[in-house]
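Residue numbers (my numbering), protein chains in the order written: chain A, 901 to 1012; chain B, 4 to 118.
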C-alpha cells in the first residue's frame, strides 16, 4: 500500500532554477522523510520533518509540512546538474514506527 | 568504513531456481528491511526485522523468505514461488527502538533478472 504520492511525476528545469516537489499522504503520521535516489543506486536520506514541525531547512533544501492538508513539499534552490535524481517522500506506518511507506517518486532532470 | 553492503550487484536466475541476496551492515543497527523496486516505481516492503531472530512480513512477502540469525546480516531468498521476481532489490537498516524517528540507510541494491 502506498501512502505518499508525489507530484509531479517528472520535472525538467534549467540549472540555477528552483525545483519544487509535492507529496500527499492519506493517514496521520508521526514524521515524514524525503529521500533521493540516483539512477540504479540505493536511496539516500535527505531530511526528516516531524508532525509538529511546519518547515525545516538543510543547505539548499527546504521542506514544509501541512498536516491539515496531509501534504509536504520539497524545495531545492539554485539547482545543479548533480541534483538530477528521483526524489521520494516516505511516511511512517500507523501499525509500526519501524516501517516506512514510500511514494512513487518525482524524477528530476536538471539541464546544464 | 561503516555502511550497508549488498551482493551481488547483478544476479541472473533461471525460472524455477531459488536465489539468495546478501545484505550486511556494520552500523550496529537493530532494524533491517528488504524492499522491491520496479521500473519507475516507488519501494514496496517485502520483509522487515526489528531485532535478531525476529522478522515480519511486509506488503509483498509472498514468494520470499528471510532469516535474521545475526544482527549484521539479513539475507533474502527469492523462491520459485515468486511469480515475477525480476526487479531491483534494496536492503536498508535503521537504529530501531520504540520512539525512534527511523531514518533508514540503504545499500546499493541488487538487480535480479529471471531468464
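Each residue gets a CB set at the ideal place from its N, CA and C atoms; glycine is no exception. Keep in mind it's a predicted model, so treat the numbers as computed, not measured.
Per DSSP, the bridge partner or partners of residue i
i, result
"residue 976 of chain A", "A:919 and A:961"
"residue 20 of chain B", "Bridge partners of residue 20 of chain B: none, in fact."
"residue 955 of chain A", "A:964"
"residue 52 of chain B", "B:35"
"residue 1001 of chain A", "A:991"
Separation of residue j from residue i, as counted between CA atoms
i, j, result
"residue 1007 of chain A", "residue 116 of chain B", "24 Å"
"residue 70 of chain B", "residue 36 of chain B", "11 Å"
"residue 30 of chain B", "residue 96 of chain B", "8 Å"
"residue 989 of chain A", "residue 54 of chain B", "25 Å"
"residue 57 of chain B", "residue 78 of chain B", "13 Å"
"residue 940 of chain A", "residue 50 of chain B", "21 Å"
"residue 966 of chain A", "residue 938 of chain A", "27 Å"
"residue 889 of chain A", "residue 86 of chain B", "This structure gives no information on residue 889 of chain A, because the portion of chain A shown stretches from 901 to 1012."
"residue 901 of chain A", "residue 992 of chain A", "Only weak support exists for where residue 901 of chain A lies, its pLDDT of 46 falling under 50; the value from the coordinates is given anyway. Distance between the alpha carbons of residue 901 of chain A and residue 992 of chain A is about 12 Å."
"residue 949 of chain A", "residue 928 of chain A", "14 Å"
"residue 915 of chain A", "residue 981 of chain A", "6 Å"
"residue 911 of chain A", "residue 40 of chain B", "20 Å"
"residue 985 of chain A", "residue 74 of chain B", "32 Å"
"residue 52 of chain B", "residue 42 of chain B", "25 Å"
"residue 1005 of chain A", "residue 947 of chain A", "15 Å"
"residue 67 of chain B", "residue 90 of chain B", "13 Å"
Near the ligand NAP: residue i beta-carbon under 7 Å from a heavy atom
i, result
"residue 989 of chain A", "Ligands displayed in this structure: none; no statement on the ligand NAP is therefore possible."
CB-CB length for residue i against residue j, believed under 8 Å
i, j, result
"residue 27 of chain B", "residue 76 of chain B", "5 Å"
"residue 118 of chain B", "residue 16 of chain B", "7 Å"
"residue 99 of chain B", "residue 998 of chain A", "6 Å"
"residue 942 of chain A", "residue 45 of chain B", "The pair is not a contact, with the Cβ atoms about 14 Å apart (cut-off 8 Å)."
- Message: Would the segment 914-924 of chain A count as touching the segment 6-23 of chain B if we require 3 or more Cβ pairs under 8 Å?
- Response: Segments in contact, no.
- Would you check if there are 3 or more beta carbon pairs closer than 8 Å linking the segment 15-25 of chain B to the segment 70-82 of chain B? Output reads yes: the segment 70-82 of chain B touches the segment 15-25 of chain B.
- If you measure beta-carbon to beta-carbon, which residues of the segment 29-58 of chain B are closer than 7 Å to chain A? Those would be 34, 44, 45, 46, 48, 51 and 53, in chain order.
- Between the segment 36-49 of chain B and the segment 962-982 of chain A, do at least 3 Cβ pairs fall closer than 8 Å? Flag = no, the segment 36-49 of chain B and the segment 962-982 of chain A do not touch.
- Query: If we count Cβ pairs, one from each stretch, closer than 8 Å, do we get three or more for the segment 905-915 of chain A versus the segment 950-964 of chain A?
  - Reply: When Cβ pairs closer than 8 Å are counted between the two stretches, the segment 905-915 of chain A is seen not to touch the segment 950-964 of chain A, the count staying below three.
- Can you give me, in chain order, the residues of the segment 65-99 of chain B that have a beta carbon less than 9 Å from any beta carbon in chain A? Taking 9 Å as the Cβ-Cβ cut-off against chain A, the residues of the segment 65-99 of chain B that qualify are 91, 93, 94, 95, 97 and 99.
- Output, in sequence order along the chain, the residues in the segment 929-943 of chain A whose CB is closer than 9 Å to any CB in chain B. Cβ contacts with chain B: 930, 931, 933, 935, 937, 940, 941, 942 and 943.
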